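To keep things clear, I will list the structure first and then write my remarks on it.
Protein chains: 4
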Amino acid sequence: MTAAHTAATVIDLNCDLGEGFGAWTLGDDEALLAVVTSANIACGFHAGDPGIMRRLCRTAAASGIAIGAHVGYRDLVGFGRRRIEIAPQDLVNDIVYQIAALDGFARLAGDRVSYVKPHGALYNTIAAEPEYARALAEAVRLYDPDLHVLGLAGSPGLHEVAATGLATVAEAFADRAYTAEGRLVPRTQQGSVVHDVDLIAERCTRLARTGEVESIDGTTVRISAQTICVHGDTPGAVAIARRVRAALLAEGVTLAPFVSGDRQ
Amino acid sequence: MTAAHTAATVIDLNCDLGEGFGAWTLGDDEALLAVVTSANIACGFHAGDPGIMRRLCRTAAASGIAIGAHVGYRDLVGFGRRRIEIAPQDLVNDIVYQIAALDGFARLAGDRVSYVKPHGALYNTIAAEPEYARALAEAVRLYDPDLHVLGLAGSPGLHEVAATGLATVAEAFADRAYTAEGRLVPRTQQGSVVHDVDLIAERCTRLARTGEVESIDGTTVRISAQTICVHGDTPGAVAIARRVRAALLAEGVTLAPFVSGDRQ
Amino acid sequence: MTAAHTAATVIDLNCDLGEGFGAWTLGDDEALLAVVTSANIACGFHAGDPGIMRRLCRTAAASGIAIGAHVGYRDLVGFGRRRIEIAPQDLVNDIVYQIAALDGFARLAGDRVSYVKPHGALYNTIAAEPEYARALAEAVRLYDPDLHVLGLAGSPGLHEVAATGLATVAEAFADRAYTAEGRLVPRTQQGSVVHDVDLIAERCTRLARTGEVESIDGTTVRISAQTICVHGDTPGAVAIARRVRAALLAEGVTLAPFVSGDRQ
Amino acid sequence: MTAAHTAATVIDLNCDLGEGFGAWTLGDDEALLAVVTSANIACGFHAGDPGIMRRLCRTAAASGIAIGAHVGYRDLVGFGRRRIEIAPQDLVNDIVYQIAALDGFARLAGDRVSYVKPHGALYNTIAAEPEYARALAEAVRLYDPDLHVLGLAGSPGLHEVAATGLATVAEAFADRAYTAEGRLVPRTQQGSVVHDVDLIAERCTRLARTGEVESIDGTTVRISAQTICVHGDTPGAVAIARRVRAALLAEGVTLAPFVSGDRQ
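Taken in sequence, the protein lines are chains C, R, A and Z.
Per this note's numbering, the first sequence starts with residue 1, numbered consecutively.
Per this note's numbering, the second sequence starts with residue 265, numbered consecutively.
Per this note's numbering, the third sequence starts with residue 529, numbered consecutively.
Per this note's numbering, the fourth sequence starts with residue 793, numbered consecutively.
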């Protein structure tokens, strides 16, 4: 623990959850719910089914974990990882549908959806293309303008959403390398993913406490993030997530949802 | 107009709407929205997509038409007309999902879902089997116990739902024949469907004003119904629906949703 | 009939068919099967279901109409009209699946799939992008290298497919305007679609007999096409298709599938 | 190895494979392909996607494992485990579609589909209800009357299929208890599933060598089966399957597909 530490250092941990479908499971939802403070729950378009959504909302609500609508392209076989050239207005409607469906289960659990995070290919599209960022913003504004929008720290899309007046939340990735400009190193490039668990934990604590990470070039780069995304479906995902949580707590960082209080 | 007529005679007209999907259309939604007082809107499981749901909710809300969640089995290719042996608890979740999704679009239109009507094979299952009627009731109670449940007049399922304390609404069918016991004549039996437009209109006005219809045996049978279902996807559907509406109005019957007031 | 006419003038007429799904219909398959010589039959990914596929294969086979696999993106709600960023190798597999499924019904009818035509957004992708054209070619070569590939006349994609050694068939569109360079005028541009039935028929006969059309600029442009596509789902589609067929026959053009003989 | 052993004792081992979908996996296909002699491969309706189908057909063909079409209800979220009240004629078409699609990938691998086995709820429906057994038989006869039909030993459905003239293959279950009448003990009943690996292996070898198993009542019952089904998705599935295979081989039983030779 360094001198720079203050009690005020707070960060949120988010993870994609509820990504099974029917008989299929993906990731260890129960284990990860014990780690994160915000749960991005799939809403049935790229993954997730009503039974999973209900169960996760119940556990999240009971644990004080914020419920986020993890909205995606309607593409089960592609798991929402393939860009679809959807008309922006259709995307608005698809997003409203997904938020509303999940919000139903959140209400059953005495809670509400607190934020919206796009999934997979839609995440990348919205981060990069203002037209789609505006579609997301329109959907959120129409459904509930108090919802936060979670997106890539420093991305044009998140700025676009913020410009519409919605509350935005910037996220960093626990296991991803950054360029000297603060962008994610593309997955096609070597070194784009950090695999060493200790290094991941160390980077996360540094980020939480100082807002800095070491870039792939060795320079120091500032990433302004209110939440760190831990993955749920990679090998060793649970172990990494637990390690990150433990390291943050050990360094005196407070873990808490970026949204707080009872929304019901 | 007979002496028996009183100004207090009120009935609701409901119709299944929003049964297209993507590029496919079914029925003439716009024309039928000018006829009915309650709109059973498909929620995406057997038909309906987010764009259709939004558009219909907007028109219904603007016209004072009550919005009902027309919930069905998840079976697009079967249009919800095939019974699926779903676990009752899974059905609860599927119904909550559908109601919540539609309610999202109703809220966008400044309105709310007012009632729930099961569609197709699920309608028949719930009418006949208490276990599934209780599943529907549980879903409604969980999501919003103020929602009404629309079902077959005189059916065991509707009694079961009523026994749980929910408000139920009994419906009669404009173009269906009834047995002397007040049951629907099965579709497999000759004479089960009335095709003569004038006769349909006459039967509806009699039903609305006296609660009676002539059974297929020629006897008089009482059907206690607060709403009459006009079909939207049969040949001549719009013409029949318009004729029924005109006849009811001509006979001094007031057409109004069974639920009233602004639910927002 | 001009002096240029010879008995040898032969053209194929193709149309997208079988585009319903379950309870939904689109276009008048029966009427169009009486017009065309090649039927592009949807295979269940963007439209089409096993019942429709079987029925159309039976009628096509009985009428000497060539059966083509109209393969598309797996996107029912988007009707295959939205580009999906699918990995080329996944596209190969998706195309094989669709061809094979349709071929099953063709065999039931004592016939075989004769050709493959991509649908909607996949048509445009393959016309323009060599990587995807090669994926289509690979799928066809793997499944049956004797199948023809139908695509946009003069497109890079069709050239790419031809370069792999497969037989290609170039198509022109009955109701579309062409640029002076022989490209389709984009739909976003005014005048891109010809609506006058007589003009459509006249353009088709000229094209069939001389290989020429008048471009949107008024110049004469050569379109080397062995088949003309008539639309099945636009207003007046059947009337236009019939008119084109009648005009071609009246001008002494022989209508015949570009593939011939019994493939069984 | 006992005196009763003869070189002629041959049995087939089959397993449900290819039950993933997109990003989701289920069971360890690679491990199980090293155990079985016949692979029931999902065809995309209840599980399975084109990429999985192609990969499994390739491995099966290369290993001399017979390829079977594991046909199911169109119900991804229910994994084909829920009965759907489908019209028999629609079932015929759905089955043809699935067989044909898989056969496409079998052909790519230089092989052919050799048999058809219904999956999940469809398995039970066909075993018990002659109308649906005939629908399956009709689909197989239409597509390829040389295909074998795999079903529950002693079931009315399998008899019905055999009565149509198709070759049938009776299966026993490695880990299921049998009644004194040779029926499966219902899963709802205690003792319906055998969990002891040694006992499972012993029962399988006895069945293969003598055609007998000990019923749940302790009596000896004859089960005439040409194939034994090992499960792929239960806990310890691979270990059980390997143990059964090893025990059969140790007892001198020959493992071979019930269909033999190159069908190409």
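For every residue, glycine included, the Cβ atom is placed at its ideal position computed from N, Cα and C.
A quick note: this is a predicted structure, and the numbers were derived from the prediction, not measured.
Query: Ala774 of chain A burial status per 10 Å Cβ neighbour count (16 or more: buried); Result: exposed
Query: Test item: CB-CB of Val722 of chain A and Ala705 of chain A under 8 Å; Result: yes
Query: As assigned by DSSP and simplified to three states, the class of Tyr73 of chain C; Result: coil
Query: Boundaries (first-last residue) of the alpha helix (DSSP H) holding Tyr915 of chain Z; Result: 912-920
Query: Length-filtered (4 minimum) alpha helix (DSSP H) runs lying within the segment 633-700 of chain A; Result: 648-656, 658-671, 684-691
Query: Whether Thr553 of chain A touches Pro785 of chain A by CB criterion (8 Å); Result: no
Query: Distance, Gly814 of chain Z Cα to Asp703 of chain A Cα; Result: 39 Å
Query: Outcome for Glu1004 of chain Z when other beta-carbon atoms lying within 10 angstroms are tallied against a minimum of 16; Result: exposed
Query: Proximity to Cys571 of chain A [Cα-Cα], best of A:Ala629, A:Arg610, A:Leu604, A:Cys543; Result: A:Ala629
Query: Proximal residues of chain Z, C-beta to C-beta of Arg582 of chain A below 8 Å; Result: Asn885, Val888
Query: Cβ neighbours of His598 of chain A in the same chain (closer than 7 Å, five flanking residues each side left out); Result: Asp544, Asn568, Ile569, Ala570, Cys571, Lys645, His647
Query: Neighbour list for Ala893 of chain Z in chain A, Cβ cutoff strictly below 7 Å; Result: Tyr625, Ala628, Ala629
Query: Members of the segment 21-32 of chain C near chain R, C-beta cut-off 7 Å; Result: none
Query: CA nearest to the CA of Gly418 of chain R, picked from R:Arg345, R:Gly496, R:Glu435; Result: R:Glu435
Query: 8 Å contact criterion, which Ile1008 of chain Z and Gly983 of chain Z should meet: CB distance rounded; Result: 6 Å
Query: Endpoints, beta strand (DSSP E) assigned at Asp804 of chain Z; Result: 802-809
Query: Contact under 8 Å by Cβ, Leu678 of chain A with Tyr643 of chain A; Result: yes
Query: Nearest-angstrom Cα separation, counted from Ser591 of chain A out to Ala753 of chain A; Result: 23 Å
Query: Per-residue DSSP class, three states only, for Arg846 of chain Z; Result: helix
Query: Min CB distance Gly18 of chain C to chain Z below 8 Å; Result: no
Query: Where the beta strand (DSSP E) containing Thr748 of chain A begins and where it ends; Result: 748-750
Query: Contact check, Glu1006 of chain Z vs Thr1012 of chain Z, beta carbons under 8 Å; Result: yes
Query: Delimiting residues of the alpha helix (DSSP H) encompassing Glu202 of chain C; Result: 197-210
Query: is_contact[Glu131 of chain C, chain B] using C-beta, thresh 8 Å; Result: Judged by its chain identifiers, the structure shown contains no chain B, and its protein chains are C, R, A and Z.
Query: Residue span of the alpha helix (DSSP H) that contains Ile240 of chain C, given as start and end; Result: 237-250
Query: Residue from C:Leu147, C:Pro50, C:Ala135 whose Cα sits closest to the Cα of Ile67 of chain C; Result: C:Leu147
Query: Cβ neighbour criterion (16 or more within 10 Å) applied to Arg979 of chain Z; Result: exposed
Query: Beta carbon of Gly48 of chain C nearer than 8 Å to that of Glu30 of chain C; Result: no
Query: DSSP state of Val356 of chain R mapped onto helix, strand, coil; Result: helix
Query: Same chain only: Cβ atoms within 6 Å of Leu386 of chain R, ignoring 5 sequence neighbours per side; Result: Gly336, Tyr337
Query: For Ala570 of chain A, the first and last residue of its enclosing beta strand (DSSP E); Result: 566-570
Query: Inter-residue spacing [alpha-carbon to alpha-carbon] between Gly252 of chain C and Val10 of chain C; Result: 9 Å
Query: Contacts that Val341 of chain R makes with chain A (C-beta to C-beta distance below 7 Å); Result: Phe549, Gly550, Asp577
Query: Anticipated Cβ contact below 8 Å, Asn956 of chain Z with Ala929 of chain Z, distance rounded; Result: A small fix is needed here, since residue 956 of chain Z is Thr in this sequence, not Asn. At roughly 4 Å, the Cβ-Cβ gap stays under 8 Å, so Thr956 of chain Z and Ala929 of chain Z are in contact.
Query: Integer-rounded CB distance, given that Phe105 of chain C should sit under 8 Å from Val360 of chain R; Result: 7 Å
Query: Terminal residues of the beta strand (DSSP E) in which Thr227 of chain C lies; Result: 227-229
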